[in-house]
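Those protein sequence lines, which keep their order, are chains A, B, C and D.
The opening position of the first sequence corresponds to residue 4 in my numbering, with each subsequent residue numbered one higher.
The opening position of the second sequence corresponds to residue 4 in my numbering, with each subsequent residue numbered one higher.
The opening position of the third sequence corresponds to residue 4 in my numbering, with each subsequent residue numbered one higher.
The opening position of the fourth sequence corresponds to residue 4 in my numbering, with each subsequent residue numbered one higher.
For each residue, glycine too, the CB sits at the ideal point set by N, CA and C.
First comes the structure, then the notes that go with it.
Number of protein chains: 4
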Amino acid sequence: MAQPLSRMERRKQETRREILDAAFDCFAERGYHATSISHIVTKVGVAQGTFYQYFQSKRDILDQVLDDLIARLTDALAAIPPQEPASLGDYRRQAERITDTLTEVFTADLRAIRLLLLQAAAVDEEMARRVLSFHTLATALQAAYLQHGVDAGYFRPDLDVDSAARAVNGMLFAAATYRLTDPSPDDYDRLTATIREIVYRSLAADNPASTH
Amino acid sequence: MAQPLSRMERRKQETRREILDAAFDCFAERGYHATSISHIVTKVGVAQGTFYQYFQSKRDILDQVLDDLIARLTDALAAIPPQEPASLGDYRRQAERITDTLTEVFTADLRAIRLLLLQAAAVDEEMARRVLSFHTLATALQAAYLQHGVDAGYFRPDLDVDSAARAVNGMLFAAATYRLTDPSPDDYDRLTATIREIVYRSLAADNPASTH
Amino acid sequence: MAQPLSRMERRKQETRREILDAAFDCFAERGYHATSISHIVTKVGVAQGTFYQYFQSKRDILDQVLDDLIARLTDALAAIPPQEPASLGDYRRQAERITDTLTEVFTADLRAIRLLLLQAAAVDEEMARRVLSFHTLATALQAAYLQHGVDAGYFRPDLDVDSAARAVNGMLFAAATYRLTDPSPDDYDRLTATIREIVYRSLAADNPASTH
Amino acid sequence: MAQPLSRMERRKQETRREILDAAFDCFAERGYHATSISHIVTKVGVAQGTFYQYFQSKRDILDQVLDDLIARLTDALAAIPPQEPASLGDYRRQAERITDTLTEVFTADLRAIRLLLLQAAAVDEEMARRVLSFHTLATALQAAYLQHGVDAGYFRPDLDVDSAARAVNGMLFAAATYRLTDPSPDDYDRLTATIREIVYRSLAADNPASTH
DNA sequence: AATGAATGAGACTTCATTCAT
DNA sequence: CATGAATGAAGTCTCATTCAT
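What follows is the structure, encoded as structure tokens:
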């Protein structure tokens with residue numbers, strides 16, 4: 004009795020995910036408004052009505068697509084070994100790992116950037132708020148990192164961590180945006196390297212002892 | 004004969020501008036898709052048909068709105084006395100002037116940020132390209148500034164100016180985005196100050212002699 | 004072998020009735036069109052598909068709901084002791100009993116009035132015909148009563164019983180409709196009393212001898 | 004300048020009325036729910052969009068159709084010479100005139116009855132309220148008539164005019180409903196005559212002096 | 001040049017019904 | 001017999017655009 008139920012349940016979850024993924028694709032590629040329900044269901048190969056068994060409305064699925072995307076980003080970051088860097092050198096190595104991870108996530112899915120940075124905020128006020136609050140979240144996370152560096156002594160003690168966090172994230176978003184222009188891997192690597200260099204040089208404590 | 008024609012011509016230009024401004028307002032506030040031609044013409048007080056005597060389509064006026072906006076930004080920057088800073092100290096002072104100018108422009112018109120950073124890219128692929136190419140333009144301008152600093156010796160000689168330009172602009176866009184969340188003037192000033200500090204510290208040549 | 008079958012049979016009948024009652028409720032409260040199959044089965048607690056094992060279509064169950072309703076009304080009237088009034092006095096007393104019975108039936112179930120008088124006729128032509136033929140049936144029953152009175156001599160011998168039956172029923176329907184506006188019991192009682200008074204005074208034979 | 008404007012204005016009013024009439028037809032014949040916007044505009048010969056230039060929604064036009072219908076009924080009644088009957092004889096003659104007028108109005112437009120008595124109340128709660136409040140209005144008008152009769156002395160002084168008004172209207176609605184069954188003119192006339200007879204006999208004051 | 005009524009394609013959504021499990 | 005996911009026809013409404021006045 005549990006078997007057939009769970010099989011159906013599984014099938015449902017599959018269908019739901021297929022629709023969700025198709026919507027993600029469409030929204031990222033053509034944009035939210037240019038995407039019709041018909042586009043989505045045609046991609047999946049189900050009927051229009053089926054869409055509405057899984058999602059209440061077009062607006063609703065966008066919310067869930069974003070939930071899903073943010074969850075994936077969070078998971079990717081959470082998967083990074085959480086050791087706390089003790090020196091600027093440690094920090095450098097961890098920063099590189101994080102940069103690589105994010106680069107990977109976004110490389111695998113340029114659609115994510117397009118959706119998050121180009122499309123979402125234009126849907127409606129509610130969505131704009133969500134995107135801005137995502138920025139706020141990212142700032143908070145970054146600020147925590149920086150604060151740790153200040154506490155550990157390898158970042159300047161007078162650092163305005165909140166502002167610095169925004170600035171650093173701004174550079175990261177610039178790199179993400181740059182990806183969308185389809186640059187050569189070399190150019191992209193040079194950008195990320197430059198960004199890291201800027202971060203170290205500008206945030207590092209003056210005390211040269213802690214930098215190795 | 005030239006007089007009445009020119010008066011009519013003037014009147015036409017006025018109407019065109021009124022419609023353009025109304026469209027700018029609407030697009031920035033409600034977004035492109037949520038704005039209907041009816042919204043625009045109602046705001047101006049003309050009939051629907053009149054719109055199509057000045058613009059070919061809704062998509063067309065968006066292009067012209069953006070042309071106009073980018074021209075205004077360029078003009079604002081061009082209005083800054085173009086003296087070339089000779090030292091890091093000069094650069095600091097000029098950077099502050101530029102920051103102030105941009106802050107002013109955007110303060111007067113948060114709508115411009117909203118339109119450029121949140122709305123435009125979502126309209127269609129063509130528009131997304133335009134926005135990305137605006138980033139490229141901004142990068143080029145910034146790179147020219149930085150290159151001058153390298154040439155003048157107050158920026159690091161090994162600086163990857165293109166990458167650095169992107170990074171710096173990323174921070175500036177972060178500040179602009181931050182404005183949209185309606186922060187206190189104090190918080191905003193601290194952010195711009197932090198950004199400038201990051202720029203000086205990270206780009207300055209190591210030779211301390213050239214910094215005053 | 005008959006036993007388990009009959010038990011299953013009984014269970015089926017129960018389910019059928021539950022669905023029928025739920026449909027009655029929904030149709031009367033929200034109206035036929037505003038009621039979806041989903042509303043009905045949710046109320047009963049069965050699946051959508053189950054509905055179609057007992058009824059061919061939404062239209063079909065409405066027919067059966069009405070069959071049921073008319074049967075209930077007929078039964079209620081049939082339950083009244085069928086003695087035939089011999090004088091206007093007798094008639095008065097019986098009329099009061101009938102009025103009370105109908106009032107009771109409808110009080111218990113304002114939904115019945117709503118369904119029959121407000122909703123049903125609007126569904127489609129076929130249904131409108133059914134409602135009108137219900138009026139015809141009610142006229143025939145009423146006419147039989149009145150005819151008896153004419154035959155017994157306490158109603159005017161020149162009475163057009165068919166027309167009078169329609170008129171009397173019209174007053175009764177007015178009373179029923181009045182119930183839907185949620186009047187005070189007092190107001191409602193005064194209306195039924197007035198209707199009875201109108202009937203006696205207008206139908207009574209002129210010969211005063213037969214009135215007590 | 005007034006001419007072309009007024010011509011367009013006139014044309015608009017015509018189109019509005021054509022759509023209104025077509026909707027009236029459709030609603031009365033097929034019912035509100037069975038009528039689609041497409042039915043209405045096809046009947047008029049305009050595009051779907053045109054409908055929405057004159058009416059906000061399907062529900063909106065129903066409201067306006069009813070406004071229109073009730074206004075027509077009111078106008079028809081208002082057109083009756085408003086002399087106040089001084090005796091039961093006068094009343095009889097006026098009642099006959101009113102009956103004839105209503106009969107005419109409804110004969111010309113059985114659709115009105117169908118819409119008002121069979122269709123409207125089933126649309127939604129709001130509409131049901133409107134129909135019931137129409138009954139209330141009709142009761143009030145009828146009650147005013149009866150009150151006048153009581154005051155003038157040709158109706159019983161102990162008459163409960165409100166209840167009687169409801170009862171009398173109930174009979175009139177019964178007659179209207181009867182019309183829908185397409186009876187012979189003879190049968191219909193006999194019904195109206197019977198109703199009038201019931202009214203005179205049951206409401207007349209006992210004093211025979213005032214009846215001529 | 002200005003008007004604004006008319007257009008009609010196309011979008012989203014609902015829901016009665018079917019059918020494989 | 002019960003289930004409920006899938007279906008797809010059909011309906012309402014919006015809005016960019018056209019064109020006769």
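- Straight across, the Cα-Cα distance linking Ala147(B) with Glu129(B) is about 27 Å.
- If you compare the alpha carbons of Tyr191(A), Leu162(A), Arg100(A) with that of Ala81(A), the shortest gap goes to Arg100(A).
- In this chain, the alpha helix (DSSP H) harbouring Ala179(B) covers 164-183.
- Taking C-alpha positions only, Gln67(D) is separated from Val126(C) by approximately 22 Å.
- DSSP, read as helix, strand or coil, puts Ala50(C) in coil.
- Contact of Gly173(C) with chain D is assigned, a C-beta pair being separated by under 9 Å.
- For His138(A), the enclosing alpha helix (DSSP H) starts and ends at 128-155.
- For Ala111(B), the three-state secondary structure derived from DSSP is helix.
- At least one CB of chain B lies nearer than 9 Å to the CB of Ala178(A).
- Taking a cut-off of 8 Å on C-beta distances, the segment 166-174 of chain C touches the segment 160-176 of chain D, as three or more cross pairs fall below it.
- If you check each beta-carbon in the segment 86-119 of chain D against every beta-carbon of chain C, the ones closer than 9 Å belong to Arg117.
- For Ile198(C), the C-beta contacts it makes with chain D under 7 Å involve Ala170, in order along the chain.
- Between Leu23(A) and Ile64(A) the beta-carbon gap is near 7 Å, inside 8 Å, which marks them as a contact.
- Residue contact with chain D for Tyr148(C): absent (no Cβ-Cβ distance below 9 Å to any residue of chain D).
- Residue pairing from DSSP leaves Phe30(C) without any beta-bridge partner.
- The alpha-carbon separation between Val153(C) and Thr77(C) amounts to approximately 24 Å.
- For Ala131(B), the chain A residues whose Cβ falls inside 7 Å of its Cβ are Leu121, in order along the chain.
- Looking at the DSSP output, Phe158(A) bridges to Ala207(A).
- Membership of Leu80(B) in the alpha helix (DSSP H) is indicated by the continuous run 61-81.
- The shortest C-alpha to C-alpha distance from Ile198(B) to any of Thr184(A), Pro160(A), Ala168(A), Thr180(A) is the one to Ala168(A).
- Of all C-beta pairs linking the segment 11-21 of chain B to the segment 47-62 of chain B, three or more are shorter than 8 Å, placing the two stretches in contact.
- At a cut-off of 9 Å between beta carbons, Tyr157(C) makes no contact with chain D.
- Here Thr142(B) is buried, its C-beta having at least 16 other C-beta atoms within 10 Å.
- Between Leu135(A) and Thr104(B), the C-beta gap is not smaller than 9 Å, which leaves the two residues out of contact.
- Nearest to Leu162(D) by alpha-carbon distance, out of Thr139(C), Leu183(C), Leu194(C), is Leu194(C).
- Separation of Ser90(B) and Asp185(A) (C-alpha to C-alpha, rounded to the nearest whole angstrom) is 36 Å.
- For Ile73(A), the nearest beta carbon of chain B is not closer than 9 Å to its own beta carbon.
- Here Gln145(A) is buried. Its C-beta has 16 or more other C-beta atoms within 10 Å.
- Within the same chain, Cβ atoms closer than 8 Å to the Cβ of His151(A) are found at Glu87, Pro88, the five residues on either side in sequence being excluded.
- Thr38(B) carries a coil assignment under DSSP once its states are collapsed to helix, strand and coil.
- Here Glu87(A) carries a coil assignment [DSSP, helix/strand/coil].
- Within the model, the alpha-carbon separation for Thr45(B) versus Phe30(B) is close to 14 Å.
- Classified as buried, Arg159(B) has 16 or more neighbouring CB atoms from the shown chains inside 10 Å of its CB.
- Going by C-alpha positions, Ala123(C) is about 51 Å away from Arg62(B).
- When C-beta distances to chain B are compared with 9 Å, every residue of the segment 41-56 of chain A stays at or above that value.
- In the displayed model, Pro188(C) falls within a helix according to three-state DSSP.
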